[in-house]
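Working notes, beginning with the structure itself.
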Amino acid sequence: MSLLSLRNIRLSFSHPPLLDGVSLSLEDGERLCLIGRNGEGKSTLLKVIEGRIPPDDGERVLRRGARIASLEQEVPRGLAGTVYSVVADGLGDIAGLLKDYHSASAALATDASEAALNRLGRAQQALEAADGWQLEQTVEEVLSRMQLDPDADFSRLSGGMKRRVLLARALAGGPDLLLLDEPTNHLDIEAIQWLEEFLLSWRGALIFITHDRGFLRRLATRVVELDRGSLVSFPGNYEQYLKRRAEQDNAEALANARFDKQLAQEEAWIRQGVKARRTRNEGRVRRLKEMRNLFSERRQRQGNARLKLNTAERSGKLVCEAVNVSYAWAGETIVRDFSTTLLRGDRVGIIGPNGCGKTTLLNLLLGRLQPDSGAVELGTRLEIAYFDQLRDQLDPGKSVIDNVAGGSDKVEIDGKSKHVISYLGDFLFPPARCRQPVESLSGGERNRLLLARLFTRPFNILVLDEPTNDLDLETLELLEEILLEFEGTLLLVSHDRDFLDNVVTSTLVFEGGGRIGEYVGGYSDWIRQRPDPSEVARVNPGASPNRAGKKARALSGDAAEPSRKRSYKDQRELDGLPGRIESLEEEIGLLQEQLSDPGVFEQQGAEGLSVLGARLEQLERELEDCFARWEALE
151 MSLLSLRNIR LSFSHPPLLD GVSLSLEDGE RLCLIGRNGE GKSTLLKVIE GRIPPDDGER
211 VLRRGARIAS LEQEVPRGLA GTVYSVVADG LGDIAGLLKD YHSASAALAT DASEAALNRL
271 GRAQQALEAA DGWQLEQTVE EVLSRMQLDP DADFSRLSGG MKRRVLLARA LAGGPDLLLL
331 DEPTNHLDIE AIQWLEEFLL SWRGALIFIT HDRGFLRRLA TRVVELDRGS LVSFPGNYEQ
391 YLKRRAEQDN AEALANARFD KQLAQEEAWI RQGVKARRTR NEGRVRRLKE MRNLFSERRQ
451 RQGNARLKLN TAERSGKLVC EAVNVSYAWA GETIVRDFST TLLRGDRVGI IGPNGCGKTT
511 LLNLLLGRLQ PDSGAVELGT RLEIAYFDQL RDQLDPGKSV IDNVAGGSDK VEIDGKSKHV
571 ISYLGDFLFP PARCRQPVES LSGGERNRLL LARLFTRPFN ILVLDEPTND LDLETLELLE
631 EILLEFEGTL LLVSHDRDFL DNVVTSTLVF EGGGRIGEYV GGYSDWIRQR PDPSEVARVN
691 PGASPNRAGK KARALSGDAA EPSRKRSYKD QRELDGLPGR IESLEEEIGL LQEQLSDPGV
751 FEQQGAEGLS VLGARLEQLE RELEDCFARW EALE
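Note that the working numbering has the sequence shown beginning at 151, numbered continuously upward.
Right, here's the structure in full:
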């Protein structure tokens with residue numbers, strides 16, 4: 151008997167129905183990935199499977215005695231207590247005994263009185279009587295493997311840590327079927343990899359929703375797509391799904407084209423006049439009516455989002471230069487002796503565990519935070535657009551339109567006026583959805599709305615802090631294409647390994663102790679290049695292996711000795727480069743000051759400003775060539 155069976159499930163909150171005759175069978179040990187566009191009803195289907203939402207029609211059959219546990223997208227409101235108590239709640243009736251035992255054990259650390267000892271003894275006896283020691287060990291193991299402090303206050307944790315606790319609660323009960331709705335959201339790469347390993351070794355059945363293609367590829371033994379109210383099953387991995395889905399789309403398009411052509415011919419026949427009326431075949435008329443009904447009931451697939459960036463004028467060649475920057479918070483070093491240079495057009499990914507300070511680093515590089523030591527110099531003509539992972543830029547009480555247009559009915563995109571409803575349609579918001587409050591939107595819809603709001607403003611620096619959470623795969627791939635066409639500078643914080651590989655050209659990686667390493671390429675390139683952490687700590691605890699650090703040493707005349715002997719000419723050229731770089735930067739600084747002075751226009755006019763601007767661009771090109779030549783020689 152199958153672990154779970156759905157038979158002809160129907161569920162509708164409006165027209166068209168969300169689930170329209172859905173059937174599914176799940177066997178023991180299967181790892182099924184449920185995919186589909188935002189708003190298709192994936193999360194609702196998981197709730198039907200769990201038994202939390204009854205269907206309007208159809209049958210749900212779960213094997214007798216089977217247990218289901220789930221992890222939702224959003225953290226439940228009002229959940230409080232210690233991390234241990236929240237995780238133990240996933241064990242049902244025995245949770246109270248486990249919490250009593252843990253509380254008594256913790257109290258004994260500060261109170262060794264006889265009353266405290268008696269309390270612990272009673273808790274131990276109750277746990278033994280309920281045969282709960284195995285479950286207590288399970289909870290401790292899950293907490294340890296998820297790196298969670300059992301005595302921490304759940305309500306004071308960050309959003310990402312709360313999701314880790316809820317995931318631990320779902321795993322602690324040892325369910326037969328685990329339902330995971332976007333489990334990788336807000337998890338760092340290390341936690342995602344741990345979760346992959348855990349689920350690969352876990353013997354229970356799994357149904358999960360994810361946008362993380364690396365996670366999907368590694369885990370799924372079957373892909374099931376929810377499309378226009380129906381489920382289509384694709385056995386095999388994600389690559390096999392993509393191939394079969396393309397074949398199916400082509401077949402559907404050809405069938406629809408043949409049907410539409412036949413319908414057009416029949417419509418032409420019925421309208422031919424008196425001659426046609428004398429020769430009408432009533433069966434043919436009935437068939438035409440049936441074809442009209444089929445055409446009207448055909449559900450069109452939701453279109454693709456049409457993303458377009460509203461870019462500003464180009465920034466200066468130098469975007470940001472950080473030299474020996476350090477920053478600490480509450481006595482803990484977040485950034486230690488970090489140097490880097492960001493130039494126009496750089497695509498930089500930032501990788502690190504949750505809470506390490508990735509957002510702090512962004513704020514330092516953007517000049518929003520002042521370092522404790524060192525210096526950050528920003529370039530000129532910077533127009534910054536910032537995508538916030540917490541979506542704090544959205545007002546949940548206001549409508550979708552008001553969040554984007556601020557009460558206006560028009561937005562300006564690339565210098566052209568466009569009606570806001572038409573613009574929101576490019577981001578897959580139908581007109582009826584545009585007037586709903588933001589608080590009614592799903593997580594994926596809120597992310598699309600934040601992108602829509604962001605792209606109404608001109609910018610040449612794009613900062614994306616976890617942009618991929620809750621986006622469906624089609625929108626995620628389209629966002630990748632748009633970012634690859636973006637000619638400005640990109641700063642990207644993400645735990646999505648495929649997204650990093652496809653978009654960025656270099657990475658900044660938090661390596662512990664405030665050290666940040668700089669590497670060429672995306673996530674996979676970093677994995678190949680990264681040194682052994684213990685070796686780095688042993689040889690040079692304060693090292694930060696990045697190009698900008700070498701540049702800073704070059705400018706100070708403290709370049710490392712060459713690994714091979716240079717020619718006399720090359721050595722002379724290398725020795726002279728620091729001075730040349732310094733003089734170029736001084737002249738560039740003077741020109742930038744002149745161009746920012748309003749009185750210069752009155753003195754020299756438009757032609758004079760043009761000459762100064764051309765000279766500035768020439769100097770910036772020479773400076774870039776000097777840096778490139780220095781790196782080649784060094």
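No residue lacks a Cβ here, since even glycine has one placed at the ideal position from N, Cα and C.
Keep in mind it's a predicted model, so treat the numbers as computed, not measured.
Let me know if residue i comes out buried or exposed under the rule of 16 or more other beta-carbons within 10 Å of its beta-carbon.
i, result
"Ala704", "Because Ala704 carries a pLDDT of 42, less than 50, the predicted location of this residue cannot be relied on, and the following value inherits that uncertainty. Result: buried."
"Val761", "exposed"
"Leu544", "buried"
"Met824", "Nothing can be reported for residue 824, as the shown portion of the chain is limited to 151 through 784."
"Pro728", "buried"
"Val211", "exposed"
"Arg688", "Caution is warranted here: a pLDDT of 46 is assigned to Arg688, below 50, making its placement in the model unreliable, and the coordinate value is therefore given only provisionally. Classification for Arg688: exposed."
"Ser694", "Reliability of the predicted coordinates at Ser694 is poor, the pLDDT of 37 falling under 50, and the value obtained from them is presented with this limitation in mind. That one is buried."
"Arg217", "exposed"
"Trp283", "exposed"
"Met296", "buried"
"Leu392", "exposed"
"Glu264", "exposed"
"Asn158", "exposed"
Note the first and the last residue of the continuous beta strand (DSSP E) segment covering residue i.
i, result
"Thr639", "639-643"
"Thr657", "656-660"
"Asp826", "Past the edges of the chain, shown from 151 to 784, lies residue 826, and the structure says nothing about it."
"Ile203", "That residue, Ile203, is in no beta strand (DSSP E); it is neither H nor E in DSSP."
Please report the residue range of the alpha helix (DSSP H) in which residue i lies.
i, result
"Ile244", "Neither: Ile244 is in no alpha helix (DSSP H) and is coded neither H nor E."
"Glu264", "264-279"
"Arg210", "Segment 207-212 is the beta strand (DSSP E) holding Arg210; no alpha helix (DSSP H) there."
"Arg531", "Here Arg531 belongs to no alpha helix (DSSP H), and DSSP marks it neither H nor E."
"Cys584", "581-584"
"Lys508", "508-515"
"Val653", "647-653"
"Thr194", "192-200"
"Asn553", "550-555"
"Ala341", "339-351"
"Arg486", "Arg486 -> not in any alpha helix (DSSP H); beta strand (DSSP E) instead, spanning 482-493."
"Gly785", "Summary: the structure shown does not reach residue 785, with the chain confined to residues 151 through 784, and so no result is reported for it."
"Arg678", "673-679"
For residue i, which option in the options has the closest C-alpha, if you only look at C-alpha atoms?
i, options, result
"Asp239", "Asp326, Leu317, Ile677", "Leu317"
"Gly481", "Gly664, Phe777, Asn188", "Gly664"
"Asp362", "Glu723, Gly739, Asn619", "Asn619"
"Trp479", "Arg647, Pro503, Leu511, Gln287", "Leu511"
"Leu169", "Phe384, Ile203, Gly215, Gln274", "Ile203"
"Thr530", "Ala370, Leu174, Ala418, Glu743", "Glu743"
"Val382", "Leu174, Glu332, Glu290", "Leu174"
"Lys568", "Ala602, Gly667, Ala582", "Ala602"
"Leu369", "Glu389, Leu376, Arg378", "Glu389"
"Arg372", "Glu180, Glu767, Val469, Leu277", "Glu180"
"Pro617", "Ile632, Leu634, Ser644", "Ser644"
"Glu631", "Phe649, Leu614, Asp615", "Phe649"
"Thr509", "Phe537, Glu346, Ser489", "Phe537"
"Arg269", "Ile359, Glu533, Trp283, Tyr251", "Tyr251"
"Glu291", "Ser308, Ala279, Arg319", "Arg319"
"Leu189", "Gln679, Glu635, Pro580", "Checking the displayed sequence, the identity of residue 189 turns out to be Gly instead of Leu. Of Gln679, Glu635, Pro580, the residue nearest in Cα terms is Pro580."
"Pro325", "Arg314, Leu356, Leu337, Glu222", "Leu356"
"Ser155", "Phe163, Pro167, Pro166, Leu195", "Leu195"
My assumption, with CB atoms under 8 Å, is that residue i sits in contact with residue j. Please give the rounded CB distance.
i, j, result
"Asn335", "Arg367", "Rounded, the Cβ-Cβ distance is 18 Å, inconsistent with contact."
"Ser380", "Val659", "At roughly 43 Å, the Cβ-Cβ gap does not stay under 8 Å, so Ser380 and Val659 are not in contact."
"Ile563", "Thr625", "Going by Cβ atoms, the distance from Ile563 to Thr625 rounds to 18 Å, so no, they are not a contact pair."
"Leu161", "Pro205", "5 Å"
"Ala462", "Pro608", "4 Å"
"Leu298", "Ile199", "Not confirmed; about 27 Å, so no contact."
"Lys192", "Leu182", "In fact, because the Cβ distance is near 12 Å, the residues do not count as touching under 8 Å."
"Val94", "Leu516", "Lying outside 151 to 784, the shown extent of the chain, residue 94 is not represented and no answer is given."
"Arg765", "Leu741", "6 Å"
"Glu440", "Gly186", "Wrong, their Cβ atoms sit about 29 Å apart, outside the cutoff."
"Glu346", "Phe365", "6 Å"
"Val233", "Val289", "Actually they do not touch by this definition, with Cβ atoms about 10 Å apart."
"Leu532", "Ser465", "5 Å"
Flag residue i as yes when its Cβ comes closer than 7 Å to any non-hydrogen atom of the ligand NAP, and as no otherwise.
i, result
"Leu195", "The model depicted lacks the ligand NAP and carries no ligand whatsoever."
Legend entry - Touching by the beta-carbon criterion (3+ pairs, under 8 Å), the segment 516-536 and the segment 587-595: no
Legend entry - Cβ contact (3+ pairs, closer than 8 Å) linking the segment 494-509 and the segment 628-642: yes
Legend entry - contact_flag[the segment 770-777, the segment 723-741] where n(CB pairs < 8 Å) is 3 or more: yes
Inset, instruction - Evaluate contact between the segment 670-678 and the segment 650-657, counting only Cβ atoms and requiring at least three cross-stretch pairs below 8 Å. - result: With a cut-off of 8 Å, the segment 650-657 and the segment 670-678 count as touching, because enough Cβ pairs lie within range.
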